[in-house]
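As numbered in my numbering, residues 73 to 262 make up the sequence shown, in order.
Note that beta-carbon positions come from the ideal geometry of N, C-alpha and C, so glycine has one too.
In this text, all values refer to a predicted model and were calculated from it rather than measured experimentally.
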Amino acid sequence: MIRKYSIINHSIVETEENPKVIILISPTQEERDKIINEFGVDSHNLNSALDPEEPSRIEFEENHIEIIFKRPKNYSSTDYYLFKVQSIGLFLFKYFLIIVLSDDINIFAGKYFTSVIGVKEVFLKILYNSIYHFMEHCKVINMIADEIETKISQSMDNKYLIHMFTLEKSLVYYASAITSNSLIILGSIA
Numbered sequence: 073m074i075r076k077y078s079i080i081n082h083s084i085v086e087t088e089e090n091p092k093v094i095i096l097i098s099p100t101q102e103e104r105d106k107i108i109n110e111f112g113v114d115s116h117n118l119n120s121a122l123d124p125e126e127p128s129r130i131e132f133e134e135n136h137i138e139i140i141f142k143r144p145k146n147y148s149s150t151d152y153y154l155f156k157v158q159s160i161g162l163f164l165f166k167y168f169l170i171i172v173l174s175d176d177i178n179i180f181a182g183k184y185f186t187s188v189i190g191v192k193e194v195f196l197k198i199l200y201n202s203i204y205h206f207m208e209h210c211k212v213i214n215m216i217a218d219e220i221e222t223k224i225s226q227s228m229d230n231k232y233l234i235h236m237f238t239l240e241k242s243l244v245y246y247a248s249a250i251t252s253n254s255l256i257i258l259g260s261i262a
């Protein structure tokens, strides 16, 4: 699926004409080929944007920057204490931005996107929003861990230990993703 947006009066507005932001959601092979051929996006990086196991990275191409980075997946109670991450691809050109997502999420949700000037600002706000989302999830993980720790101290039931180990696994995923994302920021400064 492809969605197109423009920036009109400091707002991100869905449009078909002259888009400044193009979002590909679980793109078909035909949609991937079009982006690769039309804009020169690296096929490996495009596919990496859809793979949660791919490490974050930044690559400087002749006419654009390609970033694969991590963001936390929205948590659901059906995840049973396992907080997961997903990869996102940002392909920043001089006048437009291509975003590749594996899931249909509202990437522009939140206060950060109420007023934007251009695609570079959208690009940076997406990265910032990911960092903020990780920080919020870490707070929640800490609160859940405190609650489980209290229950463990009051009970000998193994299910609370299993919950604690699952949370610990989530923190490993998050620590890896945050470290990976920080390398992008350091790489872009260097």
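Asked                                                                                                                                                                                : Found
I'd like the span of the beta strand (DSSP E) that includes Ser115, first residue to last.                                                                                           : That residue, Ser115, is in no beta strand (DSSP E); its alpha helix (DSSP H) goes Ser115 to Ser120.
In the DSSP assignment, find the unbroken beta strand (DSSP E) run with Lys76 in it and report its ends.                                                                             : Ile74 to Ile80
Taking C-beta to C-beta, are Ile84 and Ile170 nearer than 8 Å?                                                                                                                       : no
Buried or exposed: Lys92, going by 16 or more other Cβ atoms within 10 Å of its Cβ?                                                                                                  : buried
Report all residues from its chain with a CB closer than 7 Å to the CB of Asp123; omit the five preceding and five following residues, and keep chain order.                         : Ser159
How about Tyr147 and Phe141: are their beta carbons less than 8 Å apart?                                                                                                             : no
Where does Phe180 fall in DSSP's three states?                                                                                                                                       : coil
Quick test of your reading: Ile213 and His235, contact by CB under 8 Å. State the CB separation rounded to the nearest angstrom.                                                     : About 11 Å separates the two Cβ atoms, so there is no contact after all.
I need the straight-line Cα distance from Ile257 to Phe185, nearest angstrom please.                                                                                                 : 20 Å
By the 10 Å Cβ neighbour count, where 16 or more other Cβ atoms means buried, how is Glu172 classified, buried or exposed?                                                           : Checking the displayed sequence, the identity of residue 172 turns out to be Val instead of Glu. By the neighbour-count rule (16 or more Cβ atoms within 10 Å), Val172 is buried.
Are the beta-carbon atoms of Glu86 and Tyr77 separated by less than 8 Å?                                                                                                             : yes
In whole angstroms, give me the CA-to-CA distance for Asn119 and Glu102.                                                                                                             : 13 Å
Name the one or two DSSP bridge partners that Pro144 has.                                                                                                                            : Val157
Provide the residue(s) that pair with Leu196 in DSSP beta bridges, ordered along the chain.                                                                                          : DSSP output for Leu196 lists no bridge partner at all.
Once you ignore the five residues that flank Ile295 on each side, which residues in its own chain have a CB closer than 7 Å to its CB?                                               : The question about residue 295 has no answer, for the chain in this structure spans 73 to 262.
Quick one: what's Ser174 bridged to in DSSP?                                                                                                                                         : In DSSP, Ser174 forms no bridge with anything.
Could you name the residues of the same chain whose beta carbon sits closer than 7 Å to that of Leu243, not counting the 5 residues immediately before and after it, in chain order? : Ile213
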